[in-house]
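Student:
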Amino acid sequence: MASKFPARSSSDCARSGRSVRKGVALAFLLALPAVPALAQEAAAPVATAAAADAPRMSGTGSLSGNALALAGDINRLLANGKADAAAEGYKPTDSRVRTLLNSALTLLGTPYRWGGTSPESGFDCSGLVSYVFQQAIGVDLPRVTRDQARQGERVADKSELEEGDLVVFGRKGRVDHVGIYVGEGRFVHAPSAGKDVMVSSLKTGYWSGKYIEGRRIAGSS
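Count the sequence shown with mature numbering (1 follows the signal peptide of the UniProt record, and there is no 0) and you get residues -39 to -1, 1 to 182, in order.
1) CA-CA distance, Met176 and Ser56?
2) Count the CB pairs spanning the region 151 to 161 and the region 81 to 89 that are closer than 8 Å, and state whether there are at least three.
3) Just list the beta strand (DSSP E) runs in the region 128 to 160, keeping only unbroken ones of 3 residues or longer that don't cross its boundaries, in chain order.
4) With a Cβ-Cβ cutoff of 9 Å, do Leu163 and Val139 count as a contact?
5) Identify every residue that forms a DSSP beta bridge with Pro72.
6) Give a yes or no on whether the C-beta atoms belonging to Val93 and Ala65 are separated by under 9 Å.
7) Quick check on DSSP: helix, strand or coil for Met18?
8) Count the other C-beta atoms from every protein chain shown that fall within 10 angstroms of the C-beta of Asp118, then say buried if there are 16 or more, exposed otherwise.
9) Which word fits Tyr142, buried or exposed, when buried means at least 16 other C-beta atoms lie within 10 angstroms of its C-beta?
10) Roughly how many whole angstroms lie between the Cα atoms of Arg104 and Ser87?
11) Would you mind stating whether Val116 and Glu123 have Cβ atoms separated by less than 9 Å?
12) From Arg135 to Ala151, what does the alpha carbon distance come to, in whole angstroms?
13) Verify the contact flag: Val136, CB atom, against every heavy atom of the ligand NAP, threshold strictly below 8 Å.
14) Beta-carbon separation of Asp126 and Ile178 under 9 Å?
15) Just the Cα atoms here: how many angstroms apart are Asp137 and Ser153?
16) Just the C-alpha distance for Glu174 and Thr165, rounded to the nearest angstrom, thanks.
17) Helix, strand or coil, according to DSSP, for Ile173 in the structure here?
18) When the Cα atoms are used, what is the spatial distance from Leu61 to Phe148?
19) Pick from Gly131, Glu121, Ser79 and Leu69: whose alpha carbon is nearest that of Tyr167?
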């Protein structure tokens, strides 16, 4: 029997899946006490896109089932990084910081791709950082992680990080990863192959152990 529903290409399915993943990721971020205003503003465009795509999705699971599964994955990633209740009073102190973080948060769910520098192609870690800084506030950063790690003013201690700072990671002083600090012990980054742009914790776990330093970029605050 012929299907009543039109066939969809793999690229259409991939776009729908990414839109839904972004919407769910941002919805979960809204439930966290950190960066609430930023998450709400960033969520609006991708949540609308996800809602538009959702009725056309095919598959065995319902949207709510898929959403719950993804939310569980994100919850496990962030379980050790939940902010203290005091974070309820968090407010960005500068419009440029707000613009920068809004831009970064709208890219949640974008696939990782080595050498990627755009939402269409995907991002690697330094590609995400350079794209966000240039597109959001017009600050040009080097393309390569180790060069980005030399920019701006050094912030040695995690407790002194401010929203919009770069966070630099590596082993034995060798830099191999970079992200953008979003406040309350969390940062947004493009982690590795097979994963999407996400928010992770600096307080405990893998990234806490790899943290080297922060970098405060002129023009980002």
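Ideal Cβ positions, reconstructed from N, Cα and C, are used throughout, including at glycine.
Keep in mind it's a predicted model, so treat the numbers as computed, not measured.
Tutor: Let me spell this out:
1) Reading the sequence as shown, one finds Arg at residue 176 and not Met. Their backbone Cα atoms lie some 19 Å apart in a straight line.
2) yes
3) 135 to 144 and 147 to 150
4) no
5) Asp157
6) yes
7) Any reading at Met18 must be qualified, since the residue scores a pLDDT of 32, below 50, and its modelled position is unreliable; no value is offered.
8) exposed
9) buried
10) 6 Å
11) yes
12) 18 Å
13) The ligand NAP is not part of this structure, which contains no ligands at all.
14) yes
15) 11 Å
16) 15 Å
17) strand
18) 13 Å
19) Gly131
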